[in-house]
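Here's the structure we're looking at; comments come further down.
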C-alpha cells in the first residue's frame, strides 16, 4: 500500500481493516471500545504504524501489547509475532460501527437525503468504501438521493417542533385553486425491502446544470409537483407509499406530461399553419402586385394600335407596329417570369405543408379542418392567380393583333 493511500485513510477505515485482519471477533451491541488480537503481517504493521504516527488517531489507542508485553513506542519493532490492541471507537456521529443497517437508518441525516460516506455495518461486514455493495445499501443510497431531489424541488421546507424532522411542502395551483401536500421523508426496513425503482426523473428535474438542456424544464417541474400533490392528497399517502408505488406515480407523471406536450404541439402546429398560410398568401399577392404597374402599358399599347388607323404612311404604321411588338414581347417576358415565380411559390407551399398532410390523421378534428382549409384556400388562390397571368398573356399581345388587323384592312 502506497504512502499516499495510507495518508488518505480515515480512522474508521483503519479500524475496519484491523478488525478484519483480527478475524472479525464478536462485538457487543453499540460497541464503544474494540479489542483485537492480530498476528504479524506487513499490512498489520503498516496500519498500526499509521495509527501511532498520527497525533490524533494515536490518542484513541487504549492499550497496545506486543508479544504479551506492553508497548509504548511510536513505531512497531521490525520483528514481532502477535499483538493485542484496544481502541476507542468513534461514537459521536454516523461515521461509526453500526450493529446493522436498521441501526444506521435511524439517523435523521438519512431521512434528509444525506447518504453517509464513512460507516461500517458489523452484521453484513460492509464498509462504505468497499467495492462490492449489498443490494440494501444500493437501495438506501437511491432513496437518499430521491429525498435530496425532492427537497430541491419542494416549494417550501418546514420542521416539526417535536423531533425536528424535515417536512417538504409542495403546492399545486390549477384554475385559480391551490392545494398543498406535506411530505415527511422517513426510511425504514419496509421500504428497503421494496423492489428497486428508478428515481432518475426526480434527479433530472432538480439538476440546475440541465436547465437549458431539457425542453420545457420549468413546465416539467410544475407537472411533477402537481402530480405529487394529486398522488398524496387523493390517496392519503405517506412517504413510504411513494416508494412502494413509485411506478404508479411515475406513470401518472408521464400521462400528465403527455397531455401537456400534446396541447403544446397542437398550439404550435396551429400557429405554424397560420403563419405558413399568411406567408404564402402574401407571396402570391405580391406576384400580382409586382406586375400591376407593368400591365398598365397594355391599355396604352391598345390606344397606340388604334391610332395606326389614322396614319397614312406605311412607314409610320410600321414604326408604331414595331413598337407594339417590342412592348408586347417585354410584357410577355415579365408575365412569364411571374408565372415561374408562382410555380416556385406553389412548390415551396407543398414542401411546407407536406409534413402536416402526412400527420393529418393524428391531429384533432379542429386542427385537421384548419389544415385542409388552409391548403384548399392557398391552392385556389394559386389557381386564380395563374388564370389571371394567362389572361395577361393574351392581353399583352392584344395591341399586336389589333395592329395586324389594321394592316390587313388598309391593304
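Residue numbers (this note's numbering): 297 to 707. Backbone N, C-alpha and C define an ideal beta-carbon position, used for all residues, glycine too.
Return the bridge partner residues of residue i from the DSSP annotation.
i           : result
residue 422 : 417
residue 453 : 464
residue 671 : According to DSSP, which records beta bridges pairwise, residue 671 is partnered with nothing at all.
residue 334 : 379
residue 469 : 474
Helix, strand or coil: which one does DSSP assign to residue i?
i           : result
residue 623 : helix
residue 505 : With a pLDDT of 49 at residue 505, under the threshold of 50, the modelled position of that residue is not reliable, and the figure given next carries that caveat. Residue 505: helix per DSSP, three-state reduction.
residue 477 : strand
residue 329 : strand
residue 532 : coil
residue 650 : helix
residue 571 : helix
residue 490 : coil
residue 615 : helix
residue 537 : helix
residue 304 : coil
residue 320 : coil
residue 643 : helix
residue 430 : coil
residue 442 : helix
residue 694 : helix
residue 703 : helix
residue 628 : helix
residue 546 : helix
residue 495 : coil
residue 609 : coil
Counting along the chain, where does the alpha helix (DSSP H) carrying residue i start and finish?
i           : result
residue 405 : 404–407
residue 483 : Looking at the DSSP string, residue 483 is not in any alpha helix (DSSP H), and its letter there is neither H nor E.
residue 309 : 307–317
Residue i CB to nearest chain B CB: under 8 Å?
i           : result
residue 696 : Checking the listed chains, one finds no chain B in this structure; it contains a single protein chain.
Quiz prompt | Inter-stretch contact at 8 Å, needing at least 3 Cβ pairs: the segment 317–327 / the segment 360–369 | solution = No contact exists between the segment 317–327 and the segment 360–369.
Quiz item: Which runs of the beta strand (DSSP E), 3 residues or longer, sit entirely within the segment 337–412?
Solution: The segment 337–412 contains these whole beta strand (DSSP E) runs: 357–362 and 378–384.
Exercise. Evaluate the contact criterion for the segment 472–484 versus the segment 401–418: three or more CB pairs, one atom per stretch, below 8 Å.
Key: Result yes; three or more Cβ-Cβ pairs closer than 8 Å.
Practice problem: Inspect the CB distances between the segment 430–443 and the segment 369–387 and report whether three or more fall short of 8 Å. | Solution: Contact check between the segment 430–443 and the segment 369–387: fewer than three CB pairs, one atom from each, fall below 8 Å, which does not count as touching.
Exercise. Would you be able to state if there are at least three C-beta pairs under 8 Å between the segment 525–533 and the segment 570–579?
Key: Output reads no: the segment 525–533 does not touch the segment 570–579.
Quiz item: Touch check for the segment 371–383 and the segment 325–334: three-plus C-beta pairs under 8 Å?
Solution: Touching, yes.
Practice problem: Evaluate the contact criterion for the segment 413–426 versus the segment 307–314: three or more CB pairs, one atom per stretch, below 8 Å. | Solution: By the C-beta criterion, the segment 413–426 is judged to be in contact with the segment 307–314, since at least 3 inter-stretch pairs fall below 8 Å.
Quiz item: Can at least three beta-carbon pairs, one atom from the segment 598–613 and one from the segment 669–689, be found at a separation below 8 Å?
Solution: Judged by Cβ distances under 8 Å, the segment 598–613 makes no contact with the segment 669–689, as fewer than three pairs qualify.
Quiz item: Using 8 Å as the threshold, is the segment 683–695 in touch with the segment 618–629, meaning 3 or more CB pairs across them?
Solution: The segment 683–695, when compared against the segment 618–629, does touch it at the 8 Å Cβ threshold.
Quiz item: With contact counted as at least three CB pairs below 8 Å, one residue from each stretch, are the segment 609–620 and the segment 646–656 in contact?
Solution: By the Cβ test, the segment 609–620 is not in contact with the segment 646–656, since fewer than three Cβ pairs between them sit closer than 8 Å.
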